[in-house]
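Residue numbers (our numbering): 32 to 1231. Beta carbons: idealized from backbone N, C-alpha and C, even for Gly. A quick write-up on the structure given underneath.
Quick look at the structure:
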């Protein structure tokens, strides 16, 4: 039969049965065991430890518990080899450190030096007890094999040739030969016991890369090899092929053929630890019933030997420490050996290693069999693996499950018992307060609705899937892979009396996140100027198109960006940007009319509207007239509006830049093209319906949104917007204490729609004056369309009737031709392509800010030169170059802000990062010397305003208009304040109000002139208070209306031209703020006992009571006066001689009930949008009533 092998696995002493492969661990927790041997009859196993400088033993197959004894600790350095004399009960060892061969009794006592001369590196030692001879090897400078008597006499060298590292010796007593293995020469040899007749058994670098020890049994040589991590056997016949006994030994060291004469059961048991839930000793009363608690227990499971009666000892270990022993238990009582919580909860925590061993005896006092161990059982909540890898925006699923049942107070309450684990980052992983850009720092997001996992007692062994996404940080990370950890933290439960789950420590799970943003470095979609376009993968195209077009759409998520363009000079201009995210919509529009052939000019004030439905949908940041919109994916849309293109007044969209995130890779469509992972341009022009690659014109036309399309984002009220369901994410950054509420914890960082989170301090900073309601019912109630459908008034607040804005509805010219490409322009004004190239190249090269940018970012300057040449050809001058330069600088700021190495670096002695330092030098014209540059945005000082701080604010604001043409009806409004439109380049806006009244058809000034500060709402709107303290008026005068002349200033001293607001009762009068006049409506009923308060409301209650008795007479008189008034009515005139001191807003106003007259303002009704029916754009503009945002058409038709 094959033998048992005793060997050292460096930290453990083990025995392996070469027949079955079963391993038995004899001792563990050893530092560095080198050599081993055993006593045949006494059951001792010995080993040397070269790290601890000791020799130890353990009594194996004996009645005790196998306690390790350290028997040699002094005067010992490097005990490389040991040998046991089982006949004379002696221990021999070699010491390479002090170059000696020593002997002692079996317990280490009575030490004797056997050899201490002519030794350099004594190594192996074996004994021939029959002849009292010892053999030893020395691998010093003169390697040799020697033999001598047990007392050191008769010493002689038997082998000295062909040796290098004779690591091991073995004696074959049957053949009377000695064998040795040489680790340096990679060979096994043998000779007679006197060194004669040397034979080579095996020489092989493959099978003997680093042999260490050996022994001989029967026809085979057994040896261990460091490099092969195993123990092998090879025939004594020369050149045989070795066979592996085991190749799962981490560090195979010394070994011996093992045999013993001790009598004990030789049965082999298959042992494993099993976790179960059993009844405990705590009794609970519930609803009149008594029941014991349920607690988790561990069982040492094995099968009894049929036909034999053994007495078993069960040993329990946690984390390799002995915790409980049950002695001499027959198998029928094995349930008494369960390991219960009471045995370990005070000293150990869940997520521990539990192991048991079994020893069998034939009788109570008999010798026990060797320990037979179970494998380690991991008790607790266990992930499948502890290391995962994931890319940003992608996901990996890891599972966690409990290997131990959940305890409970009672079986009656089992459905209410559970253990909860919170998912989070360890506190050292990220600084939650650090937020460098638009996206908060982070590493992971979880596809869950909560930051926790619950394990119910009635389904404790279920597998919980946790889907982890690589957090999209929108940063070019310094390292291509960053590491983070997930921690599962237990929330203390009080429903298990055994307290088994009170303490749980789960090792961190490491996640390696691969940076995906580096794949989109420099990738941007851009449109500017005529317009020109770059796809994400840098495919350039240019077409003069008019209408609404899809610039960007995400294939999986409801994120859209549309642009609007119309005819301007010899080409077309972008005049609108609309951004959808879920059911939120942000629109900026600078034109009210779309035409393909008639030149229009920009609005006096941009139309800005934000349907703000959820803070998570998008973040909108405004810096002057530059807007940045961050979508939930981390995608950023940068665009700027400006005035004065080619001398045309009004606003235009200068440029739009979309910076994608990792979540956009292979998910984009529209004019931005398909964002490839490898930057390929071959798939940019994908046609919308088919998804096939097509030629440029077909591609562009396919992404047009027609005027009546339900997908239009520029219509008055897009009805298709809905909050589509998306898988919620949690970022779960915080790891909170057990006392924190699990429900509150779940709400902190959950309900995200993408695996990233905006900065805590990055919120939408638009004034609510830009907001519109998400509620269809509210929207229908608060919006009133004019009868001609060209404008609408929007009430922005339920509480404040004066907070209204007026919007002009987008219209398409009646002869508009969709998908029309304007023809290529011709060179004019002496320009040629060569001249234009020189001008563009010189302009870019001479720009200081662009030169600075080029030091850090590749700008594709040559490509922009091409578009610049086309701009000069279309415009006949270089005025559009500033638009291109501004767009290039914006692109530069975007790229620098995403560079982590620049974010995290700083110049010596500076607190600001390199990113901040660089972008502070990238403002247009260096802010004209009148401001500071912060991240590419000018912060103007010393009274200067404008994008580049080039305008001094001593000039008054321009383009001042009022809602509803300056009319304020007291039936629908309080008229205590008004919104005012204009260009307000600073937050400090002053206004002067000059009060007047219309009394007896005459305009009279009250003499009250006040200078006040306006409430700044946004760059295009302020709010002015109208109410003031005035004196009582003469009740004998009929006050038809009152109002104010308003003028505005940026510095409080220089005021612009006046605009007029007129306050009146719209049920009685028709008033005109331009002519400052009113006329009585035919349906108005005269009531001299009624007056209007300063807030415009009728309060004549006292006089009304007096007239209550004569109401019929009043009706007759009103009828007579009505007929008389119709025949004699005249237009009110301004009376310069009117006494300005005897009237006030508190004077009475006559309430009339007369039919309407001519020149009334437009009637506003609640209607749905209809298409215009005018036949030509010029007729529409000339015939429709003028609005506060009237467009002035340039009378030029390029088809005439």
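(Q) What does DSSP give as the partner residue(s) for residue 1044 in the beta ladder? (A) DSSP, once it has assigned bridges, lists 1021 as partnering residue 1044.
Q) Since residue 580 and residue 683 are thought to touch, with beta carbons under 8 angstroms apart, how far apart are those beta carbons, to the nearest angstrom? A) Actually they are not in contact, since the Cβ atoms of residue 580 and residue 683 sit about 16 angstroms apart, beyond 8 angstroms.
(Q) Quick check on residue 1164: buried or exposed, where buried means 16 or more other Cβ atoms within 10 Å of its Cβ? (A) Model confidence at residue 1164 stands at a pLDDT of 37, short of 50, so the residue's coordinates are unreliable and nothing is read from them.
Q.
Let me confirm a value: residue 858 is counted as buried when at least 16 other C-beta atoms fall within 10 Å, else exposed. Which label applies?
A. So residue 858 ends up on the exposed side.
Q: Determine the DSSP secondary structure at residue 905, reduced to helix, strand or coil.
A: Looking at residue 905 - three-state DSSP - the assignment turns out to be helix.
(Q) Taking 7 angstroms as the threshold (C-beta atoms), are residue 970 and residue 950 in contact? (A) Between residue 950 and residue 970, the CB-CB gap reaches or exceeds 7 angstroms.
**Q.** According to DSSP, residues forming a beta bridge with residue 388
**A.** In DSSP, residue 388 forms a bridge with 346 and 404.
Q: Give the C-beta separation of residue 503 and residue 258 to the nearest angstrom, bearing in mind that I take them to be a contact with Cβ-Cβ under 8 angstroms.
A: Your pair residue 503 and residue 258 does not check out as a contact, with CB atoms roughly 46 angstroms apart and the cut at 8 angstroms.
Q: Put residue 923 into one of helix, strand or coil per three-state DSSP.
A: Helix.
Q. When we look at the beta-carbon of residue 594 and count the other beta-carbons within 10 Å, is it buried (16 or more) or exposed?
A. Buried.
Q. If you count every other CB in all the chains shown that lies within 10 Å of the CB of residue 352, and 16 or more means buried, which is it?
A. Within a 10 Å sphere around the beta-carbon of residue 352 sit fewer than 16 other beta-carbons, which makes this residue exposed.
Q) Buried or exposed: residue 101, going by 16 or more other Cβ atoms within 10 Å of its Cβ? A) Result: exposed.
Q. For residue 708, which residues of its own chain have a beta-carbon under 7 angstroms away from its beta-carbon, when the five flanking residues on both sides are left out?
A. Cβ neighbours of residue 708 beyond the five flanking positions: 550, 696 and 697.
Q: Determine the burial state of residue 40: buried for a count of at least 16 other Cβ atoms within 10 Å of its Cβ, exposed for fewer.
A: With 16 or more Cβ atoms within 10 Å of its Cβ, residue 40 is classed as buried.
Q: Return yes when the Cβ of residue 437 is within less than 7 angstroms of the Cβ of residue 488, no when it is not.
A: Yes, the pair counts as a contact, with Cβ atoms nearer than the cut-off.
Q) Just the Cα atoms here: how many angstroms apart are residue 34 and residue 250? A) Straight-line Cα distance between these residues: approximately 12 angstroms.
Q: Note down, in chain order, each residue of its chain lying with its Cβ closer than 6 angstroms to the Cβ of residue 405, except the 5 sequence neighbours on either side.
A: 302, 303, 304, 386 and 387.
Q: Identify whether residue 145 lies in helix, strand or coil by the three-state DSSP scheme.
A: In the structure shown, residue 145 sits in a strand (DSSP, three-state: E or B).
**Q.** Proximal residues to residue 553 (C-beta, below 7 angstroms), its chain only, five neighbours per side dropped
**A.** In the same chain as residue 553, and ignoring 5 residues on each side of it, the C-beta atoms closer than 7 angstroms to its own belong to 889 and 926, in chain order.
Q) So what's residue 50 in DSSP terms, helix, strand or just coil? A) Residue state, collapsed to three classes: coil.
**Q.** Best match in 295, 902, 348 and 634 for proximity to residue 74 [C-alpha to C-alpha]
**A.** Residue nearest to residue 74 within the set 295, 902, 348 and 634 is 295 (criterion: CA-CA distance).
Q. Taking just the CA atoms, how far does residue 546 sit from residue 663?
A. Roughly 18 angstroms between the two C-alpha positions.
Q. For residue 721, which option in 701, 711, 230 and 1090 has the closest C-alpha, if you only look at C-alpha atoms?
A. The option with the nearest alpha carbon to residue 721 is 701.
Q. So is residue 299 in contact with chain B if we call contact Cβ pairs under 7 angstroms?
A. Looking at the structure shown, chain B is missing, and only one protein chain is on hand.
**Q.** Pick from 245, 230, 229 and 219 that is closest to residue 236, judged by C-alpha positions
**A.** Looking at the Cα atoms, 219 is the closest of the given residues.
Q) Is the beta carbon of residue 153 less than 7 angstroms from the beta carbon of residue 127? A) Cβ distance < 7 angstroms, so residue 153 and residue 127 count as in contact.
(Q) Under 8 angstroms, with one C-beta from each stretch per pair, do the segment 829-846 and the segment 880-895 reach the 3-pair mark? (A) They do not touch, by the three-pair rule.
Q | Span separating the alpha-carbon of residue 287 from that of residue 52 | A | Counting only the Cα atoms, residue 52 lies some 16 angstroms from residue 287.
Q. Between the segment 529-536 and the segment 322-334, are three or more C-beta pairs nearer than 8 angstroms?
A. Touching, per the Cβ criterion.
Q.
Short of 7 angstroms in beta carbon distance, which residues of its chain neighbour residue 144, apart from the five on each side in sequence? Order them along the chain.
A. Excluding positions up to five away in sequence, the list reads 131 and 133.
Q: Report the residue ranges of all beta strand (DSSP E) runs contained in full by the segment 654-729; include only those spanning at least 3 residues, in chain order.
A: For the segment 654-729, whole beta strand (DSSP E) runs of length 3 or above, ordered along the chain, are 657-661, 667-674 and 682-690.
Q. Who are the near neighbours of residue 718 in its chain, counting only those whose CB is closer than 8 angstroms to its CB and skipping five residues on each side?
A. Close CB contacts of residue 718 within its chain, under the 8 angstroms cut and outside five residues either way in sequence, are with 724, 725, 729, 730 and 733 (chain order).
(Q) Taking a contact to mean a Cβ-Cβ separation below 7 angstroms, would you say residue 1233 touches residue 1014 in this structure? (A) The structure shown does not extend to residue 1233, since the chain spans only 32 to 1231, so no value can be given for it.
Q: Select from 738, 946 and 974 the residue whose C-alpha is nearest the C-alpha of residue 929.
A: Comparing Cα-Cα distances from residue 929 to each of 738, 946 and 974, the minimum goes to 946.
Q. Just to confirm, are residue 885 and residue 686 a CB contact at a threshold of 7 angstroms?
A. The Cβ atoms of residue 885 and residue 686 do not sit closer than 7 angstroms to each other.
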